[in-house]
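The working numbering puts the first residue of the sequence shown at 282, with every later residue one more than the last.
Some notes on the structure that comes next.
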Amino acid sequence: MWRCLGIDATLGVTHQDQRLAERVDAAGCPIVVLLNKWDLCDAEQREDVSIQVGDKLHFVGEAPVLRISALSGKNVQRLWPALEDTISDYRTRIPTRRVNDVIRAAQAAHPAPAGVRVLYATQGATDPPTFTLFANRELPRTWLRYLERRLREDLDLGSTPIKLRVRPRSE
Numbered sequence: 282m283w284r285c286l287g288i289d290a291t292l293g294v295t296h297q298d299q300r301l302a303e304r305v306d307a308a309g310c311p312i313v314v315l316l317n318k319w320d321l322c323d324a325e326q327r328e329d330v331s332i333q334v335g336d337k338l339h340f341v342g343e344a345p346v347l348r349i350s351a352l353s354g355k356n357v358q359r360l361w362p363a364l365e366d367t368i369s370d371y372r373t374r375i376p377t378r379r380v381n382d383v384i385r386a387a388q389a390a391h392p393a394p395a396g397v398r399v400l401y402a403t404q405g406a407t408d409p410p411t412f413t414l415f416a417n418r419e420l421p422r423t424w425l426r427y428l429e430r431r432l433r434e435d436l437d438l439g440s441t442p443i444k445l446r447v448r449p450r451s452e
């Protein structure tokens, strides 16, 4: 269900690390990124690895990134709270009224093109949070990404993967 991706900070983000993160993301699972051996990195290496995480693992969004040393135990105590927060967000249930308030605010701030609009929305499932959007017709992909970002921000879902299903109204 949830995953920790352990990265050797002295090596940086490798191609294999990137592939594993892509698989976790494709499965719709939440992720916590661990940068191990952080204590062995100098300031320049630390900056490089932080940039690599942002560049090569951009698709994991705002996933928690913990800088640890498994050997010395430094910052390892932060792992369990990060996992609990991630799992809590993953299993969250949002009231339909709150979902619709966010959708209405998003439509008011940035209307969809060409008269496309969401009539209402509901959360149909958890693990991951899945929202069904009932719309007057198909929604453009770019606008769906905007809605996903707004739902994530306004509902405090952090790095939790979100699924959006669109159901166009039958004509």
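We treat Cβ as the ideally placed atom computed from N, Cα and C, and that holds for glycine.
Going by C-alpha positions, Ala389 is about 12 Å away from Leu428. Residues Trp319, Asp320, Ile349 of the same chain have their beta carbon placed closer than 8 Å to that of Lys355, with the five preceding and five following residues left out of the count.
With a 10 Å radius around the Cβ and a threshold of 16 neighbouring Cβ atoms, Phe412 comes out buried. Shown here, Ser350 sits in a strand according to DSSP, grouped into three states.
In this structure, Val314 and Leu352 do not form a Cβ contact; the two beta carbons are roughly 19 Å apart against a cut-off of 8 Å. Here DSSP, grouped into helix, strand and coil, assigns Lys337 to helix. Assigned with DSSP and collapsed to three states, Thr403 falls in strand. No Cβ-Cβ contact shorter than 8 Å links Arg379 with Ala416. Residues of the same chain with a CB within less than 7 Å of the CB of Arg431, apart from the 5 flanking positions on each side, are Val383, Ala387 in chain order. Between Glu434 and Ala402, the alpha-carbon positions lie close to 17 Å from each other. Per the Cβ contact rule, the stretch 439–446 is in contact with the stretch 297–310 (3 or more Cβ pairs under 8 Å). In this chain, the alpha helix (DSSP H) harbouring Arg433 covers 422–435.
In the assembly as shown, Asp370 is a buried residue. Its beta-carbon has 16 or more other beta-carbons within 10 Å.
Within the same chain, and ignoring the five residues on either side of Val399 in sequence, the residues whose Cβ sits closer than 6 Å to its Cβ are Ile384, Leu414, Ala416. Between the alpha carbons of Thr373 and Ala290 lies a gap of roughly 32 Å.
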